[in-house]
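Trainee: Quick one: the structure is below, and I'll ask about it shortly.
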Amino acid sequence: MTGGTGVTGGTGVTGGAVHAEEEQPLLVLRDVRIGLHERRGPVEIVRGVDLGVMAHEKVGIVGESGSGKSLTVLSVLRLLPDPPIRLLGGTVEYAGRDLTTMDERALASVRGAQISMIYQDPMTSLNPLLRVSTQIVETLTAHTTPKHDARRRCSEVLHQVGLTDPDRVAHAFPHELSGGMLQRVMIAMALAVSPRILIADEPTTALDVTIQRQILDLVGELHETTGMAVVWVTHDLGVIAQFVDRVVVMYAGRIVERATTEELFVRPVHPYTVALLGTLPREGAAHRSPLTQIGGQPPDPSRLGKGCPYRQRCPVAFDRCSEEEPPLLPAANGGVAACWRAEE
Ligand SMILES: Nc1ncnc2c1ncn2[C@@H]1O[C@H](COP(=O)(O)OP(=O)(O)O)[C@@H](O)[C@H]1O
Ligand code: SF4
Ligand SMILES: [Mg+2]
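In the working numbering, each residue carries its 1-based index in the sequence shown increased by 4.
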């Protein structure tokens, strides 16, 4: 880890958070490396991610498809699809304990009651054969809630996630519900246990814009009332612009920029972040003009070579960019950026 750009350093992941110096992050990923095991040996796909999440904070993880966002968040609860994907190194500390080495029973209690995940496909967490109420009640009773209280809590959360007819939904099987309703049910299930951290991996990507907005508003309200921390993963910076406190930008398996949302939008530093912002529709535009795409493709992780992984697509690349991969450096906007031009 480079001095001053670490997880809790002055220009670290908590930069800009109130009382950042006094508080310890609730969740800390240190040098997380994840590999795809192939016959020739492992290919490193996530290449040393450092990330801290404070209690009550909302953090966005943004990057094009394939940048390693899902694998990074799946590694937190040891949910990597092994084989072929495996953690190669690093630690994931939650409330001071390393989840990567914790025994299965202790980890199960963190998974079910402290850190909840929601996914793009609600059926990842729902069982098609069980009624919604049965699934929520089972989740709760598995974590020491008495059955009677679990039933009450189930109606409460279904109501909380804005389902207009919670009783009907409770008795339904998943196939009887629409996509938007399933998404709400999955969120209800994740929230039933009152987690301290909610990790959302592109849960609104498949939904239309209005429902996306409703779900973000809903999670925002629940964040306000319960104080849970939120980690929101998306390929679309526009989705979370109004929602998160801090943004982490990933490219080719690394964090390439980290800043408060405001700093990032006003003064993006990494050329990739600049390009991502360039693809957003303008605020207040009378109609959505066709979005510009970032030219070129992200690199193949097995052929990164030396140098900055963004160099082939970067409009301001220079000699050094082909020689050496830049570490996260203090950036002019108060955050950090993995670019040799970060301090300009
Ligand atoms: N089960 C898997 N088998 C093989 N490769 C995978 C698997 N899961 C992910 N990958 C590869 O790892 C890279 C990062 O994946 P992922 O974390 O899902 O990216 P993101 O969520 O940012 O779209 C991708 O290039 C993908 O091809
Ligand atoms: S290090 Fe060089 S190639 Fe990479 S983003 Fe910065 S200027 Fe572009
Ligand atoms: Mg993903």
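Ideal Cβ positions, reconstructed from N, Cα and C, are used throughout, including at glycine.
If we cut at 8 angstroms on Cβ distances, does P272 have a partner in chain D?
Mentor: The chain inventory of the structure shown lacks chain D, comprising one protein chain alone.
Trainee: Can you check the segment 146-194 for any alpha helix (DSSP H) of at least 4 residues that lies completely inside it and give the ranges in chain order?
Mentor: DSSP runs (the alpha helix (DSSP H)) wholly in the segment 146-194: 151-164, 170-175.
Trainee: Can you tell me whether T76 is buried or exposed, with buried defined as 16 or more other CB within 10 angstroms of its CB?
Mentor: The residue is buried, with at least 16 neighbouring Cβ atoms inside 10 Å.
Trainee: Compare the Cα-Cα distances from S137 to each of G116, R172, T128 and report the closest residue.
Mentor: The option with the nearest alpha carbon to S137 is R172.
Trainee: Taking the continuous beta strand (DSSP E) assigned at W252, which residues delimit it?
Mentor: The sequence given here has Val at residue 252, not Trp. Segment 250-255, the beta strand (DSSP E) holding V252.
Trainee: Could you tell me which residues DSSP puts in a beta bridge with T264?
Mentor: Note: T264 sits in a beta bridge opposite R250.
Trainee: Tell me, to the nearest whole angstrom, how far the beta carbon of V235 is from that of V63; I am working on the premise that it is less than 8 angstroms.
Mentor: That belief holds up - the Cβ atoms of V235 and V63 are roughly 5 angstroms apart, short of 8 angstroms.
Trainee: Ligand 1 heavy atoms versus the CB of S79: any closer than 7 angstroms?
Mentor: The answer is no for S79.
Trainee: Taking G39 and R109 to be in contact with their CB atoms under 8 angstroms, please state how far apart those CB atoms are, rounded to whole angstroms.
Mentor: The Cβ separation is near 27 angstroms, so there is no contact.
Trainee: How many Å lie between G72 and T238 at the Cα?
Mentor: So the alpha carbons of these two residues sit roughly 11 angstroms apart.
Trainee: Kindly list the residues whose CB is nearer than 7 angstroms to the CB of A290, restricted to its own chain and excluding five residues on each side of it in sequence; keep chain order.
Mentor: Unreliable placement is indicated for A290, whose pLDDT of 49 sits below 50; the coordinate value is still reported in the next sentence. Excluding residues within five positions, none has a Cβ falling inside 7 angstroms.
Trainee: Hey, is P305 close to ligand 1, as in C-beta under 7 angstroms from one of its heavy atoms?
Mentor: Result yes, Cβ under 7 angstroms from ligand 1.
Trainee: Buried or exposed: where does E61 fall if 16 or more other Cβ atoms within 10 Å of its Cβ makes it buried?
Mentor: E61 is buried by the Cβ-count criterion.
Trainee: Jot down the residue ranges of each uninterrupted alpha helix (DSSP H) in the segment 58-129, minimum 4 residues, whole runs only, in chain order.
Mentor: The qualifying runs are 73-80, 108-117.
Trainee: Can you pull the DSSP bridge partners for W236?
Mentor: Its beta-bridge partners are G64, A204.
Trainee: May I ask you to list the residues that DSSP assigns as paired with H41?
Mentor: Beta-bridge pairing links H41 to P46.
Trainee: Compare the beta carbon distance of A194 and L144 with 8 angstroms and say whether it is the shorter of the two.
Mentor: No.
Trainee: Quick one: is D153 buried, meaning 16 or more other Cβ sit within 10 Å of its Cβ, or exposed?
Mentor: The residue is exposed, with fewer than 16 neighbouring Cβ atoms inside 10 Å.
Trainee: Consult DSSP for L133 and reduce its assignment to one of helix, strand or coil.
Mentor: DSSP places L133 in coil when its eight states are reduced to three.
Trainee: Would you decide whether M114 is buried or exposed? Buried here means 16 or more other CB atoms lie within 10 Å of its CB.
Mentor: Looking at the sequence provided, one finds Val at residue 114 rather than Met. So V114 ends up on the buried side.
Trainee: On the DSSP bridge assignment, give the partners of D31 in chain order.
Mentor: Reading off the sequence, residue 31 comes out as Leu, not Asp. V57, Y98, per the DSSP bridge assignment.
Trainee: Pull up the distance between the alpha-carbon of P199 and that of Q118, whole angstroms please.
Mentor: P199 and Q118: Cα-Cα distance of roughly 4 angstroms.
Trainee: Does the segment 303-316 come within contact of the segment 214-229, defined as at least 3 CB pairs closer than 8 angstroms?
Mentor: With a cut-off of 8 angstroms, the segment 214-229 and the segment 303-316 do not count as touching, because too few Cβ pairs lie within range.
Trainee: Could you tell me if the beta carbon of L91 falls within a distance shorter than 7 angstroms of some heavy atom in ligand 1?
Mentor: Checking every heavy atom of ligand 1 against the Cβ of L91, none is found closer than 7 angstroms.
Trainee: Quick check: what's the CA-CA separation for S293 versus M127?
Mentor: Its pLDDT being 49, under 50, S293 is placed unreliably in this model, and the coordinates cannot settle the point.
Trainee: Under the criterion of a Cβ to heavy atom distance below 7 angstroms, does G52 qualify as lining ligand 1?
Mentor: Flag unset: Cβ of G52 not near ligand 1.
Trainee: According to DSSP, is G224 helix, strand or coil?
Mentor: Looking at G224 - three-state DSSP - the assignment turns out to be helix.
Trainee: Residue range of the alpha helix (DSSP H) that V243 falls in?
Mentor: Its alpha helix (DSSP H) spans residues 241-244.
Trainee: Please go through the same chain and pick out, in chain order, the residues whose beta-carbon is closer than 6 angstroms to the beta-carbon of A335, but skip the five residues on each side of it.
Mentor: Within the same chain, A335 has close Cβ partners V273, A341, A346.
Trainee: Does the distance between the C-beta of Y314 and the nearest non-hydrogen atom of ligand 5 fall short of 7 angstroms?
Mentor: With respect to small molecules bound, the structure shown includes ligand 1, ligand 2 and ligand 3 and not ligand 5.
Trainee: Please report the distance separating the alpha-carbon of L241 from that of R317.
Mentor: About 19 angstroms.
Trainee: By a C-beta neighbour count over all protein chains shown, 10 Å radius and 16 as the cutoff for buried, is T160 buried or exposed?
Mentor: The residue asked about is misnamed: residue 160 is Glu in this sequence, not Thr. Looking at its Cβ environment, which holds fewer than 16 other Cβ atoms inside 10 Å, E160 is exposed.
Trainee: So does P1 have its beta carbon nearer than 7 angstroms to some heavy atom of ligand 2?
Mentor: Residue 1 cannot be examined here, being either before or after the span of the chain that is shown, 5 to 348.
Trainee: Check whether the segment 51-61 and the segment 248-265 touch, using three or more Cβ-Cβ pairs below 8 angstroms as the test.
Mentor: These segments touch.
Trainee: Buried or exposed: G299, going by 16 or more other Cβ atoms within 10 Å of its Cβ?
Mentor: Answer is exposed; the Cβ neighbour count stays below 16.
Trainee: Quick one: Cα of C2 to Cα of T265, how far?
Mentor: Here the chain has residues from 5 to 348 only, and residue 2 is not among them.
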